[in-house]
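First the structure, in the form of structure tokens, and then the observations on it.
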Amino acid sequence: MFFRKYLSDDEWLIRECKWDPDPHKQGSSESIFSLGNGYVGSRGVMEEIPDGSRPGTYIAGIFDKSAAKTVEIVNLPNPIDFQIYANGEPVAIDKMDVVRHERILDMKKGLLFRETEYRSRVGLYKYQSMRAISASDEHTAMMRVCFVSYDSNVDILVKNSTDTAALNIRPEMDTMVRHYDIRWADYTNNICYVAVKTNDSGIIASYATDLSIWGDGELVCAARTAEWEDGKFTENVRFKARKGVIYSFDKLISLCSSRELPEEGIRDATINTLEQSRCIGFECLLETHAAVWDKRWLTADITITPAGETGGANESVRDVNRAMRFNLYHLLAVGNEHYDQASIAPKALTSEWYGGHVLWDTTIFVFPFFLFTNPVIARNLLMYRYHRLDIARKNAKSQDLEGALFPWESAATGEDVTPKNWVNLKGEIIKVHTMEREQHIVGDVAYAVYHYYMATADEEFMARYGTEIMLETARFWASRVTYSEETGRYEIRNVIGPNEYQECVDNNAYTNYLARWNLRCAISLCTNRPAGAAHGLEIDRWQKIADGITFTVLNDGMIEEFDGYFGREDVIITKMNDLGIPTYPQDDVPMTRVAETQLVKQADVMMLLHLFPHDFSLDVKRANMTYYERRTTHESSLSPSIHASLYAEIGNADEAYHYFRYALYGTIGNVYGNTHNGIHAGSMGGVWQATIFGFAGVRMKDGILSVNPRLPGEWGRLRFNLFWHGTKLEFNITHTEVEISSESSRDFVIPVVICGEIHELAGNGPEVIEYGNDD
């Protein structure tokens with residue numbers, strides 16, 4: 001491989017060694033090999049776009065409706081489209097005999113490599129490519145293609161295109177939509193410029209590309225023209241390639257939008273960005289890009305050493321390390337430090353599945369990763385919610401409620417864009433109830449706000465934004481409850497909990513507990529904040545409601561998921577697939593009857609125990625884990641990581657590691673059979689939580705950090721970093737010791753509770769504490 005010098009060590013590489021024409025196999029690879037920088041994401045398609053491929057280019061925050069059933073993220077024109085013809089024959093993986101093929105995702109540097117060897121009518125060809133979405137300039141992308149003909153001179157035609165025929169394809173919505181029209185295209189000074197405008201939202205996406213060709217260390221003079229062809233604005237480049245000479249095609253891409261730039265200056269801004277990239281040069285662009293990724297990994301990386309070793313890794317743990325980094329890579333590729341008007345979708349920027357909407361996945365599963373590794377991004381995710389607080393107030397008012405009702409699915413404006421129905425595998429139209437019933441999202445947002453404050457001590461954020469969110473969410477719950485004359489308690493009726501199999505229940509434990517916590521937290525904030533945040537009568541009412549919110553807890557500590565849950569048909573899951581994953585009992589309970597049973601789609605009561613680890617005893621956790629685990633299908637990829645974390649906490653190492661691996665390989669192993677529809681960002685955040693909250697046992701309570709490790713038996717050492725109150729802490733945990741250190745030069749003392757004993761971490765050196773766990 002000509003690009004071998006750019007590759008990181010093998011532990012950072014994800015490889016594909018065979019191309020499979022099956023569209024789902026292609027789609028899975030395209031999701032896995034996606035690149036991004038938080039502003040733009042690009043699916044890992046091959047440059048020639050073989051049949052069955054699904055190109056995807058997405059700018060965070062650009063949504064449109066057009067003929068779709070709901071507002072959705074726009075699949076924009078694809079600037080990666082690049083096809084070489086040799087003597088009129090397409091050098092393409094689905095058109096030519098393939099001798100050898102390999103693709104490599106370099107996670108350390110955010111680079112995608114490819115090498116394919118072909119046998120043509122006149123001999124052997126080698127094709128290589130390397131590309132990146134710049135981490136140092138969010139409006140820039142780079143691609144280098146190398147080609148050599150080993151056996152003969154050949155006539156080369158390059159079709160360098162921006163494909164403006166990209167569609168949003170959503171089988172679950174039964175829709176295929178192009179969300180934009182072409183506004184401008186021209187070809188000047190070898191720069192291809194294309195601008196499109198979304199149909200309803202009126203946002204312009206602006207592209208400029210430049211292609212330089214090198215051979216034998218010199219620029220190649222070639223005949224160039226441009227034309228529209230099959231929905232593509234294409235630059236045609238022709239020259240004669242000599243036998244044995246390696247030709248390098250360097251493509252620079254500039255991509256801007258009126259999301260962040262004024263429409264009238266967007267063309268100049270896009271071309272200026274491209275010309276700056278030309279001046280900087282391809283190699284320097286790569287270096288600055290890789291340097292940003294290196295800085296990210298200095299904080300975000302997690303490394304595991306196998307038991308019995310002080311260095312290196314056996315094959316099993318090496319695979320775990322690689323898969324861990326794969327999960328972290330995709331989270332790092334979607335975070336944005338510079339923009340707080342967009343958030344993160346369940347598929348990140350790797351597909352238009354779920355419409356690119358923002359759900360609780362971000363708030364509960366993804367957010368903690370950024371909170372502890374890049375608090376700037378975490379704050380931006382909260383500011384996305386704050387900027388839409390007025391819409392949330394209107395949403396509550398429309399239902400005759402007070403405060404703020406954040407939407408179950410959010411997009412650009414903060415209005416609820418949850419689809420009203422979806423199409424199942426049988427083609428049946430199914431009504432969606434989550435818009436009006438899955439209101440735990442309100443408490444989810446409040447939970448993220450408060451824990452951001454606890455971990456960062458960001459007083460400015462709380463004074464200007466956070467307290468307002470906490471009060472408005474409390475006002476919502478105070479208006480949402482119903483007082484029961486029969487029980488003398490406050491109830492929250494007609495909701496959907498995280499389970500989602502049962503769509504109209506009363507007093508879901510997760511929802512009620514979160515509401516009660518939200519109210520009490522708001523009361524505490526008012527007590528410690530200047531007068532005027534909430535008046536005394538309102539606070540008194542909140543206190544009365546919080547004290548009276550009900551859900552069922554039996555004498556043995558069993559928490560009933562919702563009223564009447566224990567009275568529903570009890571179905572125990574007994575069958576597992578080859579991966580040890582529960583199999584839905586379709587023969588016994590068709591999906592049309594699932595609401596009548598105790599089956600659980602994903603962690604619900606378990607989610608409650610996970611979010612509030614200090615509020616429940618280990619005995620209560622064990623009892624509920626034992627009961628609910630046998631009834632949980634884990635149909636959602638969000639679920640296994642939570643079970644892994646809880647099993648670690650209660651000391652069941654085998655089950656913890658089983659569910660951890662289940663989540664760890666969820667995307668890269670295509671565990672759910674739908675990786676072609678994009679990555680599982682929420683699950684990836686859950687993997688981080690299972691590792692840090694579960695195995696390392698790092699939690700926080702009332703602004704104090706606690707550590708209670710439960711490392712898997714296969715692991716000998718776990719290393720990671722966290723930010724706490726603005727200081728980066730480095731953790732090195734074994735089965736007997738916790739070492740915490742910091743590179744900070746400032747003096748500080750941080751109290752840390754380790755296995756129940758408080759220690760003071762000072763800024764002048766590492767703290768090493770021996771520990772032992774009593775199960």
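Residue numbers in the sequence shown follow UniProt numbering, run continuously in steps of one, and reach 775 at the last position. Positions of the beta carbon are idealized from the N, C-alpha and C atoms, including for glycine.
Can you give the Cα-Cα distance for GLY564 and ASN555, rounded to whole angstroms?
-> CA-CA distance, GLY564 to ASN555, rounds to 16 Å.
Compute the distance between the beta-carbons of LEU252 and ARG224, then report whether it is under 8 Å.
-> No, the Cβ-Cβ distance between LEU252 and ARG224 is not below 8 Å.
Residues bridged to HIS101 (per DSSP) | Under DSSP, HIS101 shares a beta bridge with THR116.
Pull up the DSSP beta-bridge partners for ASN160, would you.
-> ASN160 pairs with PHE82, GLU235.
Backbone CA spacing between LEU211 and SER29 [nearest angstrom] = One Cα belongs to LEU211, the other to SER29, and the distance between them is close to 26 Å.
Hey, would you say GLY686 sits closer than 8 Å to GLU649, going by beta carbons?
-> No, the Cβ-Cβ distance between GLY686 and GLU649 is not below 8 Å.
Under three-state DSSP, which class holds VAL376?
-> Look at VAL376 here: in three-state DSSP terms it is helix.
Meets three-Cβ-pair contact criterion under 8 Å: the stretch 260–269 and the stretch 194–213 = Remark: three or more beta-carbon pairs, one from each stretch, lie closer than 8 Å, so the stretch 260–269 and the stretch 194–213 are flagged as touching.
Please go through the stretch 582–666 and give each complete beta strand (DSSP E) segment of 3 or more residues, from N-terminal end onward.
-> Runs of the beta strand (DSSP E) inside the stretch 582–666: none found.
Using three-state DSSP, classify PRO171 as helix, strand or coil.
-> It is helical.
With a CB to CB cut of under 6 Å and the five nearest residues on each side skipped, what residues in its chain are close to GLY312?
-> Its pLDDT being 48, under 50, GLY312 is placed unreliably by the model, and the measurement read from it follows with that caveat. Excluding positions up to five away in sequence, the list is empty.
Length at least 4, wholly inside the stretch 352–422: the alpha helix (DSSP H) runs in chain order | Taking only runs of at least 4 residues, the alpha helix (DSSP H) segments lying wholly in the stretch 352–422 are 367–373, 375–386, 389–398.
Give the secondary structure of LEU537 by DSSP, where H, G and I count as helix, E and B as strand, and everything else as coil.
-> Secondary structure of LEU537 (DSSP, three-state): helix.
Opposite GLY215 in the DSSP bridges: which residues?
-> Beta-bridge analysis with DSSP links GLY215 to GLU218, TYR247.
By Cβ distance below 8 Å, which residues in the same chain neighbour ILE429 in space, the five residues on each side in sequence not counted?
-> Same-chain partners within the cutoff: ASN421, TRP422, VAL423.
Inter-residue CB distance, ALA226 and CYS192 (contact presumed, cutoff 8 Å) = Contact between ALA226 and CYS192 holds, with the beta-carbon distance rounding to 6 Å and staying under 8 Å.
Where ARG464 falls, given that 16 or more other Cβ within 10 Å makes a residue buried = ARG464 sits exposed, since fewer than 16 C-beta atoms from the chains shown fall within 10 Å of its C-beta.
Helix, strand or coil: which one does DSSP assign to MET107?
-> Three-state DSSP puts MET107 in coil, outside helix and strand.
Neighbour-count burial assignment, THR574, 16 or more Cβ in a 10 Å radius | Taking all protein chains in view, the Cβ of THR574 is surrounded by fewer than 16 other Cβ atoms within 10 Å, so the residue is classified as exposed.
At least 3 beta-carbon pairs within less than 8 Å: the stretch 128–135 vs the stretch 57–75 = With the rule of 3 Cβ pairs closer than 8 Å, the stretch 128–135 does not count as touching the stretch 57–75.
According to the Cβ coordinates, are ASP51 and ASP94 closer than 8 Å?
-> In this structure, the beta-carbon distance from ASP51 to ASP94 falls below 8 Å.
According to DSSP, residues forming a beta bridge with GLU72 = Looking at the DSSP output, GLU72 sits in a beta bridge with ASP64.
Helix, strand or coil for ALA457, going by three-state DSSP, please let me know.
-> ALA457 carries a coil assignment under DSSP once its states are collapsed to helix, strand and coil.
From which residue to which residue does the beta strand (DSSP E) around VAL753 run?
-> Note, VAL753: beta strand (DSSP E), 749–754.
Nearest CA to the CA of TYR450: which residue from ASP319, TRP214, MET462, VAL177?
-> For TYR450, the nearest C-alpha among the options comes from MET462.
Have a look at ARG325, SER617, THR305 and flag the residue whose alpha-carbon is nearest the alpha-carbon of LYS108.
-> For LYS108, the nearest C-alpha among the options comes from ARG325.
What residues are listed by DSSP as bridge partners for TYR150?
-> Paired residues: none, contrary to the question.
Per-residue burial, GLY61 [other beta carbons within 10 Å of its own, 16 or more giving buried] | When all chains shown are included, GLY61 counts as buried.
Answer with buried or exposed for ASN189, where buried requires no fewer than 16 other C-beta atoms within 10 angstroms of its C-beta.
-> Counting of Cβ neighbours within 10 angstroms places ASN189 among the exposed residues, the total staying below 16.
Helix, strand or coil at GLY312 [DSSP, three-state] | Only weak support exists for where GLY312 lies, its pLDDT of 48 falling under 50; the value from the coordinates is given anyway. Note: GLY312 maps to coil in three-state DSSP.
Report yes or no: do three or more beta-carbon pairs, one from the stretch 275–295 and one from the stretch 624–642, lie closer than 8 Å?
-> No, they do not touch.
Check ILE302 in the structure and name its three-state DSSP category.
-> ILE302 carries a coil assignment under DSSP once its states are collapsed to helix, strand and coil.
Just confirm the distance between the C-beta atoms of LEU664 and HIS610, as a whole number of angstroms; I'd bet it's less than 8 Å.
-> Contact check for LEU664 and HIS610: beta-carbon distance about 17 Å, past the 8 Å limit, so the pair fails to qualify.
Pull up the distance between the alpha-carbon of ARG100 and that of ALA446, whole angstroms please.
-> Rounded to whole angstroms, ARG100 to ALA446 spans 53 Å at the Cα level.
According to the Cβ coordinates, are LYS69 and PRO419 closer than 8 Å?
-> With a cutoff of 8 Å on beta-carbon distance, LYS69 and PRO419 are scored as near each other.
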